[in-house]
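The block underneath contains the structure these notes are about, expressed in structure tokens.
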Amino acid sequence: MPHDAVLNHVPATPPATAAGGVLSRTAFRATFDNVRLAVSEALSALDPLNLSDEELGSVQMILAEALNNVAEHAYPTNNPGQVKLVLRHGRAGVLIEIRDHGQPMPNGRPPLGRHPTETQPDDRLPEGGFGWFLIRQLARDLIYDRENGENFLIFRIAVGERPA
Amino acid sequence: MQMSTTEMGDALVVKVEETRIDAAVAVRFKDKMLEHTETTTKRIILDLEQVEFLDSSGLGAVVGSMKQMGRGRRLDLVGLSPNVDKVFRMTRMDSVFRIFDDVESAVQDIAHAS
Chain Z
133 MPHDAVLNHV
143 PATPPATAAG
153 GVLSRTAFRA
163 TFDNVRLAVS
173 EALSALDPLN
183 LSDEELGSVQ
193 MILAEALNNV
203 AEHAYPTNNP
213 GQVKLVLRHG
223 RAGVLIEIRD
233 HGQPMPNGRP
243 PLGRHPTETQ
253 PDDRLPEGGF
263 GWFLIRQLAR
273 DLIYDRENGE
283 NFLIFRIAVG
293 ERPA
Chain B
60 MQMSTTEMGD
70 ALVVKVEETR
80 IDAAVAVRFK
90 DKMLEHTETT
100 TKRIILDLEQ
110 VEFLDSSGLG
120 AVVGSMKQMG
130 RGRRLDLVGL
140 SPNVDKVFRM
150 TRMDSVFRIF
160 DDVESAVQDI
170 AHAS
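Sequence order for the protein chains is Z and B.
At position 158 of the first sequence (counting the first as 1) the number is 290 in this note's numbering, and the numbers step up by one without a gap.
At position 53 of the second sequence (counting the first as 1) the number is 112 in this note's numbering, and the numbers step up by one without a gap.
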């Protein structure tokens, strides 16, 4: 669908996920080592929210999973491209936006994140397939879109909600 | 990927001396585990006390480390920090390992079992 067609339809009431203030904005080459640094910087940017250790743990996990997916699947390992990460603080929690110019998601859709023992019932000891399972457990309102060769992954983590 | 080993009775304790097992080190971790476990028939206890963060790649590497030990050999885990424990519980992989609070209780458990 051409996105221009919907640009003028601004909803009267912002949804619960309406973006609040930007906490951090970074761009980096999608390597595992850079993901480590970016996640660590993102956690520092959350300092003003006074999140609990458990909440910070959830944010750390989901950011690492989503960004490592870009490093591992969107770009070729020997030629990592750029990834952009924006963290915002909204009424309903922390809003994450991840953009890259790599390969689209398989079938153009974000994985359902079923448990690997469901998709491969014969393997009692799965070594992979946990990434999207964890993302789906922790993310709310997850949206994936692709426009002009750019992947957008946007989701909310229900931590640090602001009182209305 | 810093790891050390200590023999304790019938067990070989493999201690991860890093704060993270994530996508950046998962392959190296699994290779090191193979080095440490393929030359012994001892029970293996993996000490994760220093590990503060484990992602899905790290989890896969821990599962793979048990798998590559061969049929019937168990990998026991000790010293799971709250964040690491959460990953095992959320993925239900806590059910495929025996998990102990610390090395002492893991070692004692085998003493009682034998």
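Here a beta-carbon is modelled for each residue, glycine too, at the ideal position from N, C-alpha and C.
- Closer than 9 Å at the C-beta level to chain Z, one finds these residues of the region 146–164 of chain B: VAL146, MET149, THR150, ARG151, MET152, VAL155.
- Here LYS101 of chain B is not near ALA82 of chain B, since their CB atoms are 8 Å or more apart.
- Runs of the alpha helix (DSSP H) lying entirely within the region 92–138 of chain B, each at least 4 residues long, are 115–126 in chain order.
- Between the alpha carbons of HIS205 of chain Z and GLN269 of chain Z lies a distance of about 20 Å.
- By the criterion of a C-beta distance shorter than 6 Å, VAL202 of chain Z is surrounded in its chain by ALA162, VAL215, ASP232, once the five residues flanking it on both sides are discounted.
- Closer than 8 Å to the CB of MET237 of chain Z there is not a single CB belonging to chain B.
- Ranked by Cα distance from ASP165 of chain Z, the first of Z:VAL218, Z:THR209, Z:ARG256, Z:ILE286 is Z:THR209.
- Listed by position along chain Z, the residues whose Cβ is nearer than 7 Å to that of ASP90 of chain B form an empty set, because the closest Cβ is around 14 Å away.
- Scanning chain Z for C-beta atoms nearer than 7 Å to the C-beta of GLY119 of chain B yields GLU259, GLY260, PHE262, reported in chain order.
- Setting aside the 5 residues that flank it on each side, ALA177 of chain Z is surrounded in the same chain by LEU155, SER156, LEU219, each with a C-beta closer than 8 Å to its C-beta; the list follows chain order.
- For GLN269 of chain Z, the chain B residues whose C-beta falls within less than 8 Å of its own C-beta are MET149, listed in chain order.
- Boundaries of the beta strand (DSSP E) harbouring GLU229 of chain Z: 225–232, taken from the DSSP string.
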